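J.: Pasting a structure below so you can have a look.
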Amino acid sequence: MDHNLIGILKAIAELEERLTIEEALWKITNLAFIVFNAESATIIDVSQKPYHFVAFKNVDNIAASVLEKHLSEGSVGGNLEVIKDTQKPLIIPDTSKYGFWLKVGKYPLSWIGIPIILDNRVSYIVNIDSYSPNTYNEDFWEIALVFSELISSAVKKNKLVEEFFRTATLDKLTEVQTRQQLYHILNKNIDRYRRYGSRFSCLMLDLDKFKYINDTFGHEIGDKALVAFSKALKENLRQSDYIFRFGGDEFLIKLEEADGKEAFQIAKRLRETILSINIDGKINLSTSIGIKEYKGESLEDFLKSLDEALYQAKKTDTGIMITN
């Protein structure tokens with residue numbers, strides 16, 4: 001039997017397993033790579049701007065970061081907007097005839113874009129690349145349509161399962177993930193880092209002077225502060241990011257496909273949001289944030305570094321500290 005066909009059947013079977021959305025997207029990237037005999041493949045989250053990569057295969061991290069920057073500026077990405085409007089695959093046999101592509105490092109000379117449709121809107125786009133012109137043409141249209149239906153169905157199913165388990169494991173007060181889930185999720189991220197080089201960063205943050213708030217104004221106000229704090233975090237992060245209550249007033253945020261610099265910018269934005277919160281006209285909230293990009297260490301050492309960064313953040317004027 002054709003080994004390529006065996007690989008395809010195995011990859012399709014894996015999509016039937018119970019997966020997180022992140023895991024499903026990585027497996028879809030690998031499946032697209034095999035099915036279309038691609039030279040590279042990526043998935044971009046287009047559910048909200050700025051668009052960002054959530055999975056990739058055989059793609060240079062630096063080129064991906066540069067492309068993300070240009071996507072956020074709107075200077076490239078017209079091909080993605082076409083797919084969002086039509087909700088259909090787009091095939092471009094020769095990309096040199098279009099201005100959609102940023103010519104950084106290796107870039108596709110022939111391309112297929114395939115939508116993943118959730119709730120009647122395009123949430124993700126699979127990018128399938130060849131470095132030779134005219135590799136892909138209209139002969140691929142039917143398989144691209146079927147592939148779109150297959151992967152949209154798989155992601156929808158896993159999204160429903162993930163939402164169920166997320167809800168079932170939420171902290172009752174703040175409605176974010178528990179510390180127990182943190183170890184499960186981060187260990188999966190560490191595994192993807194070691195297998196694929198998939199990057200991620202974490203923020204560890206707490207409410208400044210939380211003990212004083214509880215002692216002075218009572219636990220009811222303290223609980224209100226925690227609820228307002230967690231609500232602000234949820235409203236200012238992407239769906240692909242995770243928020244965990246680490247303990248007491250301490251929280252951890254996992255930022256998917258974010259390096260330290262990107263995490264720092266997110267931390268600045270979150271801190272500005274928290275500083276604008278007032279509870280019952282009595283107290284203004286404030287937070288300190290430690291930042292660490294994962295670099296291959298053990299989970300225990302990673303969390304220790306984050307905790308130390310948070311401790312050092314409390315000594316700074318900005319309230320933010322990033323550690324290597």
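Using UniProt numbering, the letters of the sequence shown map in sequence onto residues 1 to 324. Cβ atoms here follow ideal geometry from the backbone N, Cα and C, with glycine treated the same way. All values reported here derive from a predicted model rather than from experimental measurement.
(1) Taking Cβ to Cβ, would you say P93 is nearer than 7 Å to N137?
(2) Going by alpha carbons, who is nearest to S110 out of I128, D241 and I117?
(3) Let me make sure I understand the geometry here. Which of D215, E256 and E175 has the alpha-carbon closest to that of V227?
(4) Judging by CA-CA distance, which residue of G218, I213, I253 and L173 is the nearest neighbour of L237?
(5) With a threshold of 7 Å on Cβ separation, who are the neighbours of K84 within its own chain once the five nearest residues in sequence on each side are excluded?
(6) In the DSSP assignment, find the unbroken alpha helix (DSSP H) run with G218 in it and report its ends.
(7) If you follow the beta strand (DSSP E) that E297 is in, where does it begin and where does it stop?
(8) Rounded to a whole number of angstroms, what is the C-alpha to C-alpha distance between L255 and Y242?
(9) Between which two residues does the alpha helix (DSSP H) carrying W26 extend?
(10) Can you tell me the Cβ-Cβ gap for S198 and D259, rounded? I've got them flagged as a contact below 8 Å.
(11) Determine the DSSP secondary structure at H3, reduced to helix, strand or coil.
(12) Tell me, please, which residues DSSP counts as bridged to A41.
(13) Quick check on the DSSP output: what are the complete alpha helix (DSSP H) runs of length 4 or more inside the UniProt domain "GGDEF" (198 to 324), in order along the chain?
(14) Checking the sheet assignment: what are the DSSP bridge partners for W111?
(15) Using CA atoms only, rank isn't needed, just tell me which of F36, N79 and P50 is closest to K69.
(16) From I274 to I291, what distance separates their C-alpha atoms?
(17) Would Q177 be called buried (16 or more neighbouring beta carbons within 10 Å of its own) or exposed?
(18) Within its chain, find whatever has a CB closer than 6 Å to the CB of A55; leave out the 5 residues flanking it on each side and keep chain order.
(19) Have a look at G319 and A267 and give me their C-alpha separation to the nearest angstrom.
(20) Return the Cβ separation of S276 and L310 in integer angstroms, given the expectation that the two are a contact with Cβ distance under 8 Å.
(21) Measure the C-alpha to C-alpha separation of P115 and Y124 and round it to an integer number of angstroms.
(22) Out of A225, K224, I213 and S230, state which residue places its alpha-carbon closest to the alpha-carbon of M204.
(23) Are the Cβ atoms of D208 and S286 separated by less than 7 Å?
(24) Note down the Cα distance separating Q180 from W141, rounded to an integer number of angstroms.
(25) Drop a sphere of 10 angstroms on the beta-carbon of H52, count the other beta-carbons inside from all chains shown, and report buried for 16 or more, exposed for fewer.
(26) Express the C-alpha separation of V146 and L306 in angstroms, rounding to a whole number.
(27) Please look up how many angstroms separate the CB atoms of Y107 and Y193, rounded, as I've assumed it's under 8 Å.
(28) Do you know how far the Cα of G296 is from the Cα of L186?
(29) Name the DSSP bridge partner or partners of H52?
(30) Going by the DSSP bridge assignment, what does R121 pair with across the sheet?
(31) Smallest Cα separation from E257: which of N79, N189 and K234?
T.: Short version:
(1) Taking the sequence shown and counting its residues from 1, the one referred to as residue 93 is at position 93. Taking the sequence shown and counting its residues from 1, the one referred to as residue 137 is at position 137. For P93 and N137, yes; Cβs fall inside 7 Å.
(2) Looking up residue 110 in the sequence shown gives position 110. Restricting attention to I128, D241 and I117, the CA atom closest to the CA of S110 is found in I128.
(3) Taking the first residue of the sequence shown as position 1, residue 227 is located at position 227. That would be E175, whose Cα lies nearest to the Cα of V227.
(4) As a first step, residue 237 must be located in the sequence shown, where it is residue number 237. Of G218, I213, I253 and L173, the residue nearest in Cα terms is I253.
(5) The sequence position of residue 84 within the sequence shown is 84, counting from 1. Apart from the 5 residues on each side of it in sequence, K84 sits with its Cβ closer than 7 Å to the Cβ of V46 and V122 in its chain, given in chain order.
(6) In the sequence shown, counting from the first residue as 1, residue 218 sits at position 218. No alpha helix (DSSP H) contains G218, which DSSP labels as neither H nor E.
(7) As a working mapping, residue 297 is identified with position 297 in the sequence shown. Per DSSP, E297 belongs to no beta strand (DSSP E) and is neither H nor E.
(8) The residue given as residue 255 occupies position 255 in the sequence shown. The residue given as residue 242 occupies position 242 in the sequence shown. Approximately 7 Å between the Cα atoms of the pair.
(9) One-based indexing of the sequence shown puts residue 26 at position 26. That run of the alpha helix (DSSP H) goes I21 to V35.
(10) The sequence position of residue 198 within the sequence shown is 198, counting from 1. The sequence position of residue 259 within the sequence shown is 259, counting from 1. Actually they are not in contact, since the Cβ atoms of S198 and D259 sit about 12 Å apart, beyond 8 Å.
(11) Locating residue 3 in the sequence shown gives position 3, where the first residue counts as 1. Reliability of the predicted coordinates at H3 is poor, the pLDDT of 47 falling under 50, and the value obtained from them is presented with this limitation in mind. Helix.
(12) Counting from one through the sequence shown, the residue named residue 41 turns up at place 41. Its beta-bridge partners are K57 and I128.
(13) 210 to 217, 219 to 235, 260 to 275 and 299 to 313
(14) The sequence position of residue 111 within the sequence shown is 111, counting from 1. Partner(s): I92 and D129.
(15) As a first step, residue 69 is located in the sequence shown; it is residue number 69 there, counting from the start. Looking at the Cα atoms, P50 is the closest of the given residues.
(16) Position 274 of the sequence shown holds residue 274. Position 291 of the sequence shown holds residue 291. Those two C-alpha atoms are separated by around 17 Å.
(17) Position 177 of the sequence shown holds residue 177. Buried is the call here.
(18) Position 55 of the sequence shown holds residue 55. Contacts found: L25, W26, T29 and I43.
(19) Taking the first residue of the sequence shown as position 1, residue 319 is located at position 319. Taking the first residue of the sequence shown as position 1, residue 267 is located at position 267. Taken atom to atom, the span from the alpha-carbon of G319 to that of A267 is near 10 Å.
(20) Here residue 276 is taken as the residue at index 276 of the sequence shown, counted from 1. Here residue 310 is taken as the residue at index 310 of the sequence shown, counted from 1. Not really, about 21 Å apart at Cβ, beyond 8 Å.
(21) Here the question's residue 115 lines up with position 115 in the sequence shown. Here the question's residue 124 lines up with position 124 in the sequence shown. Distance between the alpha carbons of P115 and Y124 is about 6 Å.
(22) Residue numbering aside, residue 204 sits at position 204 when the sequence shown is read from its first letter. Of the candidates A225, K224, I213 and S230, the one whose C-alpha sits nearest the C-alpha of M204 is S230.
(23) Along the sequence shown, read from residue 1 onward, the residue named residue 208 stands at position 208. Along the sequence shown, read from residue 1 onward, the residue named residue 286 stands at position 286. Taking 7 Å as the Cβ cut-off, D208 and S286 qualify as a contacting pair.
(24) Counted from its first residue, the sequence shown places residue 180 at position 180. Counted from its first residue, the sequence shown places residue 141 at position 141. So the two alpha carbons sit approximately 45 Å from each other.
(25) Along the sequence shown, read from residue 1 onward, the residue named residue 52 stands at position 52. H52 is buried by the Cβ-count criterion.
(26) In the sequence shown, the residue the question calls residue 306 occupies position 306. In the sequence shown, the residue the question calls residue 146 occupies position 146. Approximately 44 Å, taken between the alpha carbons.
(27) To locate residue 107, count along the sequence shown from 1; it is residue 107. To locate residue 193, count along the sequence shown from 1; it is residue 193. Not a contact, Cβ separation roughly 25 Å.
(28) On the sequence shown, position 186 is the one that residue 186 refers to. On the sequence shown, position 296 is the one that residue 296 refers to. Cα to Cα, the separation comes out at about 12 Å.
(29) Taking the sequence shown and counting its residues from 1, one reaches residue 52 at position 52. DSSP, once it has assigned bridges, lists D45 as partnering H52.
(30) Numbered from 1 along the sequence shown, position 121 holds the residue referred to as residue 121. Paired residue(s): L118.
(31) The count along the sequence shown starts at 1 and reaches residue 257 at position 257. Among N79, N189 and K234, the Cα nearest to that of E257 belongs to N189.
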